[in-house]
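A.B. asks:
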Amino acid sequence: MEYIIKNGTVYDPTNKVDGEKMDICIKDGRVVEKVSNNAIVLDANNKIIMPGGVDSHSHIAGAKVNTGRTLRPEDSKKDVWHKEGLRKGSGFSVPSTYKTGYQYSGMGYTTVIEAAMPPLIARHTHEEFVDLPQIDKAAMPLFGNNWMVLEYLKNGDLNMCAAYVAWLLKATRGFAIKIVNPGGTEAWGWGKNVHGLDDEIPYFGITPRDVVRGLAQVNEMLGLPHSIHVHPNNLGHPGNWETTLDTMDCVKDIKAKPKHGKRDTVYYNTHVQFHSYGGTSWKDCVSKGVEVAEYVNKHDHLMVDIGQITLDETTTMTADGPMEYDLHMTNGLKWANCDVELETGSGVVPFIYSPKGPVYSLQWAIGLDLFLHANSDKVILTTDHPNAGPFIRYPRVIAWLISEEYRKDWIENRVHKWAAQKSHITDTDREYTMYEIAKITRANTSKVLGLSDDRGHLGLGARADLAIYDIDPEEKSGKKIEKAFLEANYVFKNGDIVVKDGNVVKEVFGNTIYVDAKINEELEAELMKDLEPRFKKYYSVNIENYPVQEAYANQWEPINIDATEIK
Amino acid sequence: MKEIVFTVKKDIDVPVELDSLLPVKLQEMSVEEIKKIELPQGNKKISVEELFNVNVNENEAITTPKVTINDSSMKLKRIGEKMEAGEIVVNGDAGMYVGAEMKSGKITVNGNAECWVAQNLKGGEVIINGDAKDYVGSAYRGDWRGMSGGKITINGNAGTEIGEYMKKGLIVVNGNCKIMPGVHQNGGIIIINGEVEGRAGGEMLKGAIVINGPLKSKLPSFEYEGIVEDPVIKLTKKDEGTPIKGTYYKYIGDFVSNKPKGQLYLSVEHNDLTC
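Protein chains in written order, with UniProt numbering: chain W, 1 to 567; chain C, 1 to 275.
This is the structure:
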């Protein structure tokens, strides 16, 4: 099928296209220079065009998402998806699979990364991916509390650690190294936690610093497309900004050596809003968003996503088990948690971020502090769905960023006064441009994930994933901005129109992207000598039953890496 | 005002949902329009005229928008769900969720009711003249924010877990009650005039439960306060208090939680301290 989209105002930061009126030609699922006379013509005059959205951090499938759904039948009641011709679904903060795909697609997103996959439960995650339509997806296995990793790092054996990481990525069809509360979740197995970067991890005798640095080195040895993806220690605790800066700083001497993609960073700090709290308790807590943003602006080795609070009732879920226990003790609501054998743990707690609450309003302002003071080349828009708010609030976050007037309305009329008092949110009149919005939702994400070769932009040869929004680039009405980005005018996925006027018109099933890093055969043989007895002794599954099989995707999209030089 | 009378005209196999037949909404519709309303029945739809004979009585004596359902059965679900005004009279039994999330108005069931009577009731009054099954005035499954106002009267017996997570309002059961009335109760008052099987007020934090009949087994996590006569139940500092007639053993609980303020009153006449 050929299309020519005429006269749209295009925002494509990867190719430095900032609001130019141009035509985009699509043929065989790719952006091409020209098409034949048979091409279907689409008039995009007075509309804006962006590449398909790429979300680098969202929780859309897997064990804890499913636990969230089970734990919260009342969340299912809150939002029921019932559109003619589509699979029905439900759930506001933890929507069912089809609803997740449809809603992401309706907003113009075409690739979404599941940010935390317990390796043992990889099959389940991929099973859910099979039922998640409209988007390409990938999942990041958790490494930061894994016994094998901790032992190899304790022994200073980076090569074996690299071999294990490569094996696990392949076995779980995983995409990148995810680290959550390094050492802390493992410590939780002993009823403890780690708080600072240099606290000792029980039994293993190493520190979170060793884990973060070790895995960052391993990441670059392997040359993985994405950098390490870190949720540092101390999430959500007043005063944690220092731990955050320490963690960011501890890998700055490591150089990026991706063998796929164009990233130049070695560290990705996720939901940095939750890690930018000053003070010593919630009483004297203040925003350190500006300080963290300044660090991010000055250093080239890292990138952050925000995890913007949206002031909704939501369901928090993370592999940071001890943090979820703290949260449950704070709000007293129901919770679930578990320990995932040798690998990780997790917890799930419902949470209500009320705009009337002083702390929640401050958290909201801290996210905006980060957005408004950071270089737009270095930040990414997320809500850490569903932890800080559901992904369907991205359009509202965009509206807060684009329109100072809308932001002010919230500060003055909707949120608690702590938001303005304890942050720097009112110090700036910065307004994001559409070009910057395209950066924080498309260009930056695809680059940092190592996927910018063919997605996140509209250059020739790019995958024809794009979104057309019916909005004036100068629009400042928050409601209009929100509506336009929530209900894309058109969305193309691989060259097909999948959304029209916010409604899914074609159901497609995307690829599952994973990294296949080939390691030296002798090294792999040595690794298996280590792994097999451990599986026999400690795991509840046989090693033969552990890897995710070929059938667990609609279509696999491997990223092949040659790391055979590691011996 | 109009009284719209629905009379069931055939046996119902798969339950039908009646949440769209609300008195105020029907006032503005013609009989023909009412007959064409589609009601969910399982995974299909059924029109009102396929299921009911519809009559409209219009006279000045009717002062509030009214719906009457004759020959009703347990197969008619969600009667008066989300009702905001008016009156519904059900002659026969009512299926699940009668009066669920109702804000105002009155529902009278001259028969028995299935589970989930007046789930998450916000206001208004629901009267069941027969028995009701489990979860009368409870929260939606999984939610911790239950009934927040209104009054439910069960003139017969009630099932288990009535007033689950109740926050405000009043539930009166004139008959007997099965286990766990007021489980997780967080406000409001439950009065049971008959016998209760046991575990009254399990994990309750606030509110009050008054049992005028025997409580077969009391939870050990309630602390005895003393004998009170004609108590006035105060639930908050500003509460003027609800007077109750009789002599009661008063307990506070449930001490499985920290600092609970739940009040449990057991009539001295039917209970003893060792129960």
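Where is the CB? At the ideal position from N, CA and C, for every residue including glycine. As the structure is a prediction and not an experimental result, all values here were calculated from the model.
1. Please return the same chain residues whose Cβ sits closer than 6 Å to the Cβ of G450 (chain W), not counting the five positions on each side in sequence.
2. Among C:M166, C:N120, C:Q119 and C:E114, whose alpha-carbon lies nearest the alpha-carbon of A158 (chain C)?
3. My output table needs one value for A443 (chain W): the three-state DSSP class, helix, strand or coil.
4. For I402 (chain W), which option in W:V54, W:V211, W:R173 and W:A484 has the closest C-alpha, if you only look at C-alpha atoms?
5. If we cut at 7 Å on Cβ distances, does E74 (chain W) have a partner in chain C?
6. Would you call the stretch 371-378 of chain W and the stretch 295-308 of chain W in contact, with 3 or more CB pairs under 8 Å?
7. Quick check: the Cα distance between G8 (chain W) and M434 (chain W), rounded to an integer number of angstroms?
8. Count the other CB atoms within 10 Å of the CB of L273 (chain C); is the residue buried (16 or more) or exposed (fewer)?
9. With a threshold of 16 other CB atoms inside 10 Å of the CB of L302 (chain W), please say whether the residue is buried or exposed.
10. For a contact meaning CB atoms closer than 9 Å, what does R141 (chain C) contact in chain W?
11. Looking only at its own chain, which residues have a Cβ that is under 8 Å from the Cβ of K422 (chain W), when we skip the five neighbours before and after it?
12. Could you have a look at Q103 (chain W) and say whether DSSP puts it in helix, strand or coil?
13. By the DSSP assignment, the alpha helix (DSSP H) with N66 (chain W) in it spans what residues?
14. How would you write the range of the beta strand (DSSP E) that L39 (chain C) sits in, first residue to last?
15. Going along the chain, which residues of the stretch 307-333 of chain W sit with their C-beta nearer than 7 Å to a C-beta in chain C?
16. Let's test the definition: count the other Cβ atoms within 10 Å of the Cβ of H82 (chain W) and tell me whether it reaches 16, buried, or not, exposed.
17. What are the residues of the stretch 142-157 of chain C that lie near chain W, defined by any Cβ-Cβ distance shorter than 7 Å?
18. Which of the three DSSP states is assigned to R145 (chain C) in this structure?
19. Fully enclosed by the stretch 251-328 of chain W, which alpha helix (DSSP H) runs are 4 residues long or longer?
20. What number of angstroms, rounded off, separates the C-alpha of A122 (chain W) from the C-alpha of F175 (chain W)?
21. Please report how far the alpha carbon of V35 (chain W) lies from the alpha carbon of E412 (chain W), in whole angstroms.
22. Taking the straight line between their C-alpha atoms, what separation do you get for A61 (chain C) and K82 (chain C)?
23. Measuring CB to CB, does V397 (chain W) end up less than 7 Å from Q273 (chain W)?
24. Measuring only the C-alpha atoms, how far is T100 (chain W) from R393 (chain W)?
25. Might you give, ordered along the chain, the residues of its own chain that have their beta carbon closer than 6 Å to the beta carbon of T97 (chain W), omitting 5 neighbours on each side?
26. With I65 (chain C) as the anchor, note down where its alpha helix (DSSP H) starts and where it stops.
27. Span of the beta strand (DSSP E) holding G189 (chain W)?
28. Would you grab the beta carbon distance between V505 (chain W) and A171 (chain W) for me? Rounded to a whole angstrom, and I think it's under 8 Å.
29. Give the secondary structure of N15 (chain W) by DSSP, where H, G and I count as helix, E and B as strand, and everything else as coil.
30. Do W241 (chain W) and S281 (chain W) count as a contact pair if the criterion is CB distance below 7 Å?
31. Start and end of the alpha helix (DSSP H) containing I411 (chain W)?
32. Do M102 (chain C) and L76 (chain C) have their C-beta atoms closer together than 7 Å?
33. Using three-state DSSP, classify L264 (chain C) as helix, strand or coil.
34. Assuming I380 (chain W) contacts T445 (chain W) (C-beta within less than 8 Å), just tell me the rounded distance between them.
C.D. replies: Here's the rundown:
1. Close CB contacts of G450 (chain W) within its chain, under the 6 Å cut and outside five residues either way in sequence, are with P225, H226, P258, H260, G261 and R263 (chain order).
2. With distances taken between CA atoms, A158 (chain C) lies nearest to C:E114 out of C:M166, C:N120, C:Q119 and C:E114.
3. Reduced to three states, the DSSP call for A443 (chain W) is helix.
4. The option with the nearest alpha carbon to I402 (chain W) is W:A484.
5. Residue-level contact by beta carbon holds for E74 (chain W) and chain C, with a gap shorter than 7 Å.
6. Yes: the two stretches touch, three or more of their Cβ pairs being nearer than 8 Å.
7. Rounded to the nearest angstrom, the two C-alpha atoms are 13 Å apart.
8. With fewer than 16 Cβ atoms within 10 Å of its Cβ, L273 (chain C) is classed as exposed.
9. With 16 or more other Cβ atoms from the protein chains shown falling within 10 Å of its own Cβ, L302 (chain W) counts as buried.
10. Within 9 Å of the CB of R141 (chain C), the CB atoms of chain W belong to P73, E74 and K77, in sequence order along the chain.
11. The residues are C285, V286, S287, L362 and A365.
12. Q103 (chain W) sits in a helix when the DSSP states are folded into three classes.
13. Note, N66 (chain W): alpha helix (DSSP H), A63 to L71.
14. Per DSSP, L39 (chain C) belongs to the beta strand (DSSP E) from E38 to Q41.
15. Within the stretch 307-333 of chain W, contact with chain C at the beta-carbon level (separation under 7 Å) is assigned to L333.
16. Residue environment analysis places H82 (chain W) among the exposed positions, since fewer than 16 neighbouring C-beta atoms fall within 10 angstroms of its C-beta.
17. Across the stretch 142-157 of chain C, CB contacts with chain W closer than 7 Å involve G142, D143 and W144, in sequence order along the chain.
18. Look at R145 (chain C) here: in three-state DSSP terms it is coil, with no helix or strand label.
19. Contiguous alpha helix (DSSP H) elements confined to the stretch 251-328 of chain W occur at 289-298, taking only those with 4 or more residues.
20. Answer to the nearest angstrom: the Cα atoms are 12 Å apart.
21. Just so you know, the alpha carbons of V35 (chain W) and E412 (chain W) end up roughly 51 Å apart.
22. When rounded, the distance between both Cα atoms is 26 Å.
23. Contact flag unset, no.
24. Put simply, the backbone Cα of T100 (chain W) is about 13 Å away from that of R393 (chain W).
25. Only E128, D131 and L132 meet the Cβ criterion.
26. The sequence shown places Pro at residue 65 (chain C), rather than the Ile named in the question. Going by DSSP, P65 (chain C) is part of no alpha helix (DSSP H) at all; its letter is neither H nor E.
27. DSSP places G189 (chain W) in no beta strand (DSSP E); its state is neither H nor E.
28. Actually they do not touch by this definition, with Cβ atoms about 38 Å apart.
29. DSSP places N15 (chain W) in the helix class (H, G or I) of the three-state scheme.
30. No, the pair does not count as a contact, with Cβ atoms beyond the cut-off.
31. Per DSSP, I411 (chain W) belongs to no alpha helix (DSSP H) and is neither H nor E.
32. Taking the C-beta atoms as reference points, L76 (chain C) is found no nearer than 7 Å to M102 (chain C).
33. L264 (chain C) sits in a strand when the DSSP states are folded into three classes.
34. Contact annotation, I380 (chain W) with T445 (chain W): C-beta distance approximately 5 Å; criterion of less than 8 Å satisfied.
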